[in-house]
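S.K.: The following block contains the structure, expressed as C-alpha cells.
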DNA sequence: CTAGGACCTGACGTTGACGTCAGAGGCAAG
DNA sequence: CTTGCCTCTGACGTCAACGTCAGGTCCTAG
C-alpha cells in the first residue's frame with residue numbers, strides 16, 4: 001500500500017511515517033518512480049512504534065530494540081536494554097499509580113461538603 | 126530559604142524553580158533586595174509539581190489544579206478536570222502495563238535458546 | 001491528454017521544559 | 001573594603017517528534 005493509506009489505517013500522519021523511516025524504525029520498498037510502498041504488516045509495525053513512543057522510549061531506543069522485538073534476535077546488550085526499559089516502565093507505572101491515588105484522594109476530599117468547596121456551587125441548587 | 130537551597134533540597138535546578146514561578150506554580154516572597162525566599166513547605170510543593178509533570182500534566186494544567194489540590198478548593202470545572210486527568214492517568218497505566226507485559230514476553234522469548242538468539246553468545250560458555 | 005489529488009525531497013517552524021550565557025547587583029567573610 | 005559565591009533579569013539555545021510550506025513529480029479518472 002502507499003503511504004497515505006498506511007497513514008489512514010494506522011492513524012498517524014504521513015509526515016510521521018516518513019520520520020519513522022528516517023529514524024530507521026520503518027522500512028519501505030520503493031516503486032519504480034520512487035514512491036514508498038508498504039506491506040500489510042506495516043500497520044502493525046506502526047502500532048508497535050506508537051506503543052513504544054507512548055511508553056516513553058525515544059526513537060533511538062526504539063531503533064535499537066525493534067529488531068530484537070520482531071526478529072527475536074538479541075545480543076547481551078540488547079537484552080540488558082530491554083530489561084532496563086522494562087524496569088523503567090515498571091517504575092513509571094508505580095509512580096503513576098501513586099499519583100492517581102493522590103488525585104483520587106483530592107477528588108474525594110473536594111467532594112465533601114465539609115471541606116468548604118461546595119458553597120460556591122450552592123450544592124448544585 | 127533561598128533559591129539555591131531549595132533547588133538542592135528538592136533536586137531540581139534553580140532555572141526550573143524560576144520557571145515554575147513564571148508558570149504560576151510556585152510562589153516566593155521577596156527579600157528587600159528582591160531575592161526570592163521560600164518557606165520550608167516549598168520543597169514538598171516542588172515535589173508535587175515534579176510528580177504531576179511526571180504524570181504527563183502540562184504547566185497550564187498543573188496551574189489550574191494546584192489550588193484545588195492544596196487548598197481543597199474546587200469548582201465544578203476543576204473537579205471535572207481532576208477526574209479527567211485521573212482517567213487519563215488510569216488509561217496511561219493500563220497502556221504501560223500492556224507494553225511492559227509485551228516487553229516481558231519479548232525478553233522471555235529472547236532468553237529461550239530455541240529462538241535462535243543465544244548461539245551468538247554460545248550460551249555463555 | 002489534462003485536471004487534480006497523492007507523493008517526493010528539502011528545509012524551516014513549533015512546542016514545552018528547561019539549559020546556558022551575559023551583565024549587574026547582593027551578601028557574609030576576612 | 002575587597003573577594004567570591006549567590007542571586008537577579010532578559011534573552012537566546014536545545015531537543016524530540018513532528019507540522020507546514022515550497023516547488024516539482026506521479027498517476028488515474030474522464
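Residue numbers (the numbering used here), protein chains in the order written: chain A, 1 to 125; chain B, 126 to 250.
The C-beta atom is built at its ideal place from N, Cα and C for all residues, glycine as well.
1. Using C-beta distances below 7 angstroms, list every residue in its chain close to residue 92 of chain A, excluding the 5 sequence neighbours before and after it, in chain order.
2. Given this structure, state the Cα-to-Cα distance separating residue 12 of chain A from residue 227 of chain B, to the nearest angstrom.
3. Is the CB of residue 15 of chain A under 8 angstroms away from at least one CB in chain B?
4. Just grab the DSSP bridge partners of residue 154 of chain B for me.
5. Could you tell me which of B:144, B:195, B:177 sits nearest to residue 166 of chain B, measuring between CA atoms?
6. Residue range of the alpha helix (DSSP H) that residue 64 of chain A falls in?
7. For the alpha helix (DSSP H) containing residue 7 of chain A, name the first residue and the last one.
8. Kindly say whether residue 40 of chain A, judged by its beta-carbon, lies nearer than 8 angstroms to any beta-carbon of chain B.
9. Between residue 217 of chain B and chain A, is any beta-carbon pair separated by less than 8 angstroms?
10. Kindly list, in the order they appear in chain B, the residues whose Cβ is closer than 8 angstroms to that of residue 104 of chain A.
11. How would you call residue 154 of chain B, buried or exposed, if buried means at least 16 neighbouring beta carbons within 10 angstroms?
12. Between the Cα of residue 129 of chain B and those of B:158, B:147, B:162, spot the shortest distance and give me the residue it belongs to.
13. Which chain A residues are close to residue 207 of chain B, counting only those with a beta carbon under 8 angstroms from its beta carbon?
14. If contact means a Cβ-Cβ distance below 7 angstroms, which residues of the segment 185 to 207 of chain B contact chain A?
15. Please tell me whether residue 117 of chain A has its Cβ less than 8 angstroms away from any Cβ of chain B.
16. Would you verify that the beta carbon of residue 18 of chain A is, or is not, closer than 8 angstroms to some beta carbon of chain B?
17. Could you work out which residues of chain B lie near residue 54 of chain A, taking near to mean beta carbons separated by less than 9 angstroms?
18. Do we get a CB-CB distance below 8 angstroms when we pair residue 89 of chain A with the residues of chain B?
19. Taking 8 angstroms as the threshold (beta carbon to beta carbon), is residue 122 of chain A in contact with chain B?
20. Throw me the rounded Cβ distance for the residue 82 of chain A and residue 232 of chain B pair, which I believe falls under 8 angstroms.
21. For residue 99 of chain A, does the three-state DSSP call read helix, strand or coil?
M.R.: In short, the structure shows the following:
1. 56
2. For residue 12 of chain A and residue 227 of chain B, the distance between alpha carbons rounds to 22 angstroms.
3. no
4. Residue 154 of chain B pairs with B:162.
5. B:195
6. Element bounds for residue 64 of chain A: 59 to 71.
7. 3 to 10
8. No, residue 40 of chain A lies away from the interface with chain B (no Cβ there is under 8 angstroms from its Cβ).
9. yes
10. 211
11. exposed
12. B:162
13. The contacting residues are 103, 106, 107, 110.
14. Flagged, chain order: 193, 194, 197, 198, 199, 200, 201, 204, 207.
15. Model confidence at residue 117 of chain A stands at a pLDDT of 44, short of 50, so the residue's coordinates are unreliable; what they give is reported in the following sentence. By this cut-off, residue 117 of chain A is an interface position.
16. Answer no: the Cβ-Cβ gap between residue 18 of chain A and chain B never drops below 8 angstroms.
17. 217, 220, 221, 224
18. yes
19. Bear in mind that a pLDDT of 37 at residue 122 of chain A, under 50, signals an unreliable position, so the number given afterwards is only what the model happens to contain. Taking Cβ atoms only, chain B never reaches closer than 8 angstroms to residue 122 of chain A, which makes this a no.
20. At roughly 5 angstroms, the Cβ-Cβ gap stays under 8 angstroms, so residue 82 of chain A and residue 232 of chain B are in contact.
21. In the structure shown, residue 99 of chain A falls within a helical segment according to DSSP collapsed to helix, strand and coil.
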